[in-house]
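**Q**
Right, dumping it as structure tokens:
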């Protein structure tokens, strides 16, 4: 009963969010007995802290900093179980904004990825959020770029230096019109591209 009341209060608080924060990227990667959650903003605005909600329960609190890139490691997980992570921004005035959700499954051999791979997004078609899984066979730089049908870049939901492993990336198309989009992964000498459809 107490957990239900907390969840209800959290849901009510989230509906009071102010204007949307510009989330550049949000991803999670399962490792052995831990999950690395990583996000990047294009602007911090008036964020006081970030709350990470794991499977509906509060799991972590990350204070805002002068930087735009954040990481949080969840070590209270078990291998071979899927965990869902909701990222919530808490503003200086106390209002809360739900930024997005990603999922990851820690496993003993989670970092043993032998090939680079770009998976089809799910769901597809989507409105306005979808997730894209990528597999990186080596440590190093990787970039996931989204293009419109004219070949113009519209987003980079995943970019930086990453460790070998499988990542789940959230893409939010709320500021884009309906239509066909292409997303491309470039990591080392590997390049692959797939198509997705945004239907509003």
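Residue numbers (this note's numbering): 460 to 659. Every residue gets a Cβ at the ideal spot worked out from N, C-alpha and C, and that includes glycine.
In the structure shown, what three-state DSSP assignment does residue 560 receive?
**A** Three-state result, residue 560: strand.
**Q** Whole angstroms is fine: what's the gap from residue 554's alpha carbon to residue 523's?
**A** Computed Cα separation, rounded: 15 Å.
**Q** Does the beta carbon of residue 518 come closer than 9 Å to any beta carbon on chain B?
**A** Annotation note: the requested chain B is absent from the structure, which comprises a single protein chain.
**Q** Helix, strand or coil, according to DSSP, for residue 538 in the structure here?
**A** Three-state result, residue 538: coil.
**Q** If I follow the unbroken beta strand (DSSP E) through residue 647, where does it start and stop?
**A** Neither: residue 647 is in no beta strand (DSSP E) and is coded neither H nor E.
**Q** Once the 5 residues before and after residue 592 are set aside, which same chain residues still bring their CB inside 6 Å of it?
**A** For residue 592, where only same-chain residues beyond five positions count, the Cβ hits under 6 Å are 578 and 627.
**Q** Run the CB neighbour count on residue 490, radius 10 Å, all protein chains shown included, and call it buried at 16 or more, exposed below.
**A** Its Cβ being crowded by 16 or more others within 10 Å, residue 490 is buried.
**Q** Looking at the secondary structure, which residues open and close the beta strand (DSSP E) in which residue 631 lies?
**A** Per DSSP, residue 631 belongs to the beta strand (DSSP E) from 624-631.
**Q** Should residue 647 be labelled buried (16 or more other beta-carbon atoms within 10 Å of its own) or exposed?
**A** Exposed.
**Q** Mind checking which residues open and close the beta strand (DSSP E) that includes residue 597?
**A** Looking at the DSSP string, residue 597 is not in any beta strand (DSSP E), and its letter there is neither H nor E.
**Q** Please go through the same chain and pick out, in chain order, the residues whose beta-carbon is closer than 8 Å to the beta-carbon of residue 636, but skip the five residues on each side of it.
**A** Excluding residues within five positions, the ones whose Cβ falls inside 8 Å are 657 and 659.
**Q** Taking the alpha carbon of residue 568 as the point to measure from, which residue in 621, 625, 533 and 505 has its own alpha carbon closest?
**A** Nearest option by C-alpha distance: 625.
**Q** Please confirm if the region 533-548 is in contact with the region 513-520, defined as three or more CB-CB distances below 8 Å between the two stretches.
**A** At 8 Å Cβ cutoff, the stretches touch.
**Q** On the three-state DSSP scale, how would you describe residue 652?
**A** Residue state, collapsed to three classes: strand.
**Q** So for residue 512, helix, strand or coil by DSSP?
**A** Of the three classes helix, strand and coil, the one that applies to residue 512 here is strand, per DSSP.
**Q** Name the two residues that bound the continuous beta strand (DSSP E) containing residue 528.
**A** Per DSSP, residue 528 belongs to the beta strand (DSSP E) from 528-533.
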